[in-house]
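Per this note's numbering, the sequence shown starts with residue 20, numbered consecutively.
Below is one structure, written out as structure tokens; comments come after it.
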Amino acid sequence: MQAATPANRVSVKLEDQMQKSYMDYAMSVIIGRALPDVRDGLKPVHRRVLYAMYDLGNDWNKPFKKSARIVGDVIGKYHPHGDTAAYDALVRMAQDFSLRYPLIQGQGNFGSVDGDPPAAMRYTEVRMSRLAGELLADIEK
20 MQAATPANRV SVKLEDQMQK SYMDYAMSVI IGRALPDVRD GLKPVHRRVL YAMYDLGNDW
80 NKPFKKSARI VGDVIGKYHP HGDTAAYDAL VRMAQDFSLR YPLIQGQGNF GSVDGDPPAA
140 MRYTEVRMSR LAGELLADIE K
């Protein structure tokens with residue numbers, strides 16, 4: 020699209036431009052955030068949670084840490100959105116009925132198959148599972 024000067028003014032229908040702009044934005048959001056990556060099956064928020072745990076040294080062979088600590092690091096450093104999105108992602112990775120191989124070991128109430136909600140993040144504790152440790156083993160390379 021050219022610069023709008025009196026000599027080369029471009030006429031565009033507002034409705035068409037709004038539709039195109041919205042569709043471009045919607046597709047970038049879907050591709051960038053909502054669809055899991057084909058390489059590892061994780062969404063960006065899942066990757067950020069695991070990286071925050073890695074950064075804290077919250078490995079499978081270390082003591083559990085409060086979920087609120089992990090979520091605080093995620094939203095403070097890597098995912099500047101609400102804490103609910105980060106905690107929901109963390110909870111899902113700890114549920115053995117949501118993932119075939121959970122990436123997070125949890126202590127506390129992480130919900131149930133029947134739809135019971137998990138406890139608040141201040142009452143639960145987590146650490147990475149061995150599988151998550153293997154997933155992040157070469158992250159520094």
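Idealized CB from N, CA, C, for every residue including glycine.
Note that the structure is a prediction, hence the values are computed from the model and not measured.
According to the neighbour-count rule (16 or more other Cβ atoms, all chains shown, within 10 Å of its Cβ), is V93 buried or exposed? buried
Assumed close pair L122, A151 - CB separation to whole angstroms, cut-off 8 Å: The distance from the Cβ of L122 to that of A151 is about 4 Å, consistent with a contact at the 8 Å cut-off.
As a quick exercise: from V57, R52, D35, A71, pick the residue whose alpha carbon is nearest that of I158. A71
D135 versus G125: straight-line alpha-carbon distance, rounded: 16 Å
Assuming contact is defined by CB atoms lying nearer than 8 Å, are S86 and E144 in contact in what I supplied? yes
Should D78 and R146 be called a contact, given that it needs their Cβ atoms to be closer than 8 Å? yes
Would you identify the three-state DSSP class for K81, choosing helix, strand or coil? Correct three-state label for K81: coil.
Could you give the distance in angstroms between the alpha-carbon of H65 and the alpha-carbon of R88? 16 Å
In the structure shown, what three-state DSSP assignment does L114 receive? It should be noted that the sequence gives Gln, not Leu, for residue 114. Q114 falls in the coil class under three-state DSSP.
Is the distance from the Cβ of L109 to the Cβ of V90 below 8 Å? yes
According to DSSP, is R149 helix, strand or coil? Residue state for R149 is assigned as helix, using DSSP reduced to three classes.
Coarse secondary structure for G95, derived from DSSP in three states: helix
Using alpha carbons as the reference points, say which of Y106, V31, F116, H100 lies closest to A138. Y106
Inter-residue Cα distance where the pair is R111 and K39: Distance between the alpha carbons of R111 and K39 is about 35 Å.
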